[in-house]
Amino acid sequence: MGKIVLNKIQEKTKENFVKKLASGEYKTKEHKCLCGENKSLKIGNLDRYGLPLNTVMCLNCGLVRSDPYYDAKTLKSFYEIEYRSLYTGSESANESFFEDQIALGKRIIEYLERELDLSLDGKKVFEVGCGAGGILKAFKLENCDVYGCDYGEEYLKRGRKEGIKLVEGDSTNLKQFGKADLIILNHVLEHFLNSEEELSLIGSLLAKDGLLYVSVPGLLSHRKSYGSLKWYLQNAHVYSFYLSSLEYLMNKVGFRKVCGNEKIRSVFVKDNNVQPARTSFVKKILIFIFLKLSYLL
């Protein structure tokens with residue numbers, strides 16, 4: 239993947255976003271690492287679209303985060319107004335977007351069945367950050383009872399046409415549907431401003447022995463997926479993860495890893511006795527050097 243070429247919708251969206259930052263309508267603030275420490279190493283200062291984005295690695299826990307980052311009001315407005323048009327180049331879900339989501343849903347099903355020898359028939363499935371609902375459509379075709387939530391009515395309308403129960407808003411809006419056997423977080427966790435709080439809420443939606451599927455863009459596999467860290471970094475991402483840093487976060491909020499890889503595809507279960515896994519100092523430094531060189535080259 240080389241330099242990203244923006245279409246007219248994306249160019250206009252980027253221009254409007256930058257104007258709001260410059261005018262102070264959109265605000266940033268210090269974003270401390272969730273481990274409580276502030277000693278960090280700087281990786282880069284721009285995202286894939288050339289937007290200002292300071293990316294750092296925490297020397298204590300190894301988490302990679304954006305700091306400073308947008309405040310909650312700015313982030314909410316960004317997702318409601320600019321996010322979809324900037325990242326997809328379209329203001330509504332076209333058919334190719336929905337079909338791509340269905341194909342992705344099928345790959346998630348294949349992963350779960352392969353890694354866990356899992357039967358999905360009759361399972362209740364929630365997706366937080368469902369977009370147009372195409373992933374849930376794939377699960378519905380497997381006879382699952384599916385529900386999803388996200389921001390952006392225009393995208394949700396597409397999934398509703400398929401008879402999928404989609405509600406606008408965050409995970410709290412899924413409580414009305416009871417407990418889920420499986421919750422999907424597909425390229426969503428990295429967008430959470432308050433990840434520990436959000437994960438705790440999501441955990442409360444899981445049935446006993448329920449599974450949480452987490453997929454995020456893997457930092458250590460970014461060259462295969464994106465070519466360079468320059469094209470990986472996105473202003474919509476609060477955190478960026480490699481598998482052990484993801485496991486650290488999940489452990490902190492009471493989830494234990496069942497399986498996972500550096501891509502990252504992973505499955506977690508609730509376990510309040512789990513202790514946070516730590517990344518060694520040497521590994522953190524080696525990862526930092528790899529990421530810094532990838533950003534510069």
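This note's numbering applies: residue 239 is where the sequence shown begins, and numbers increase by one. Cβ coordinates follow ideal geometry from the N, Cα and C atoms, glycine included. Owing to the predicted nature of the structure, the values given are computational and were not obtained by experimental measurement.
Mind checking who residue i pairs with in its DSSP beta bridge?
i: Pro-290; result: Leu-284
i: Glu-406; result: Asp-388
i: Lys-267; result: Tyr-307
i: Lys-508; result: Phe-493
i: Cys-296; result: Ser-278
Could you tell me the boundaries of the beta strand (DSSP E) in which residue i lies?
i: Asp-383; result: 383–388
i: Ala-418; result: 418–424
i: Ser-453; result: 444–453
i: Asn-362; result: It is Lys, not Asn, that sits at residue 362 in the sequence shown. 362–366 is the extent of the beta strand (DSSP E) around Lys-362.
Measure the CB-CB distance between residue i and residue j and report whether it falls below 8 Å.
i: Arg-494; j: Val-507; result: yes
i: Tyr-480; j: Leu-458; result: yes
i: Gly-229; j: Asn-381; result: Any question about residue 229 goes unanswered here, given that the chain covers just 239 to 535.
i: Ala-370; j: Phe-336; result: yes
i: Leu-471; j: Asp-285; result: yes
i: Tyr-317; j: Tyr-389; result: yes
i: Leu-467; j: Ser-532; result: yes
i: Val-363; j: Asp-419; result: yes
i: Tyr-325; j: Ala-474; result: yes
i: Asp-338; j: Gly-372; result: yes
i: Thr-293; j: Gly-300; result: no
i: Ile-422; j: Glu-365; result: yes
i: Asn-254; j: Glu-333; result: no
i: Thr-517; j: Ser-478; result: no
i: Leu-439; j: Ser-433; result: no
i: Gly-327; j: Leu-374; result: no
i: Asp-305; j: Glu-275; result: no
i: Arg-303; j: Cys-273; result: no
i: Ile-340; j: Leu-358; result: no
i: Gly-441; j: Gly-498; result: no
i: Asn-424; j: Cys-387; result: no
i: Met-295; j: Leu-279; result: yes
i: Gln-248; j: Ser-315; result: no
i: Gly-612; j: Lys-490; result: Nothing can be reported for residue 612: it is not among the residues displayed for the chain, which extend from 239 to 535.
i: Lys-277; j: Leu-297; result: yes
i: Tyr-349; j: Arg-503; result: yes
i: Lys-417; j: Leu-443; result: yes
i: Tyr-385; j: Phe-415; result: yes
i: Lys-257; j: Leu-244; result: no
Ends of the alpha helix (DSSP H) at residue i?
i: Ile-242; result: Where Ile-242 is concerned, there is no enclosing alpha helix (DSSP H), given that its DSSP letter is neither H nor E.
i: Ser-532; result: 519–534
i: Gly-372; result: 372–378
Contiguous alpha helix (DSSP H) assignments of at least 4 residues, all confined to the stretch 455–505: 460–464, 467–470 and 481–490
Does the stretch 445–459 come close enough to the stretch 379–398 to have 3 or more Cβ pairs within less than 8 Å? no
Can you give, in chain order, each stretch of the alpha helix (DSSP H) that sits fully within the stretch 301–353 and has at least 4 residues? 310–319 and 321–326
Just checking, does the stretch 430–448 make contact with the stretch 505–524 on the three C-beta pairs under 8 Å criterion? yes
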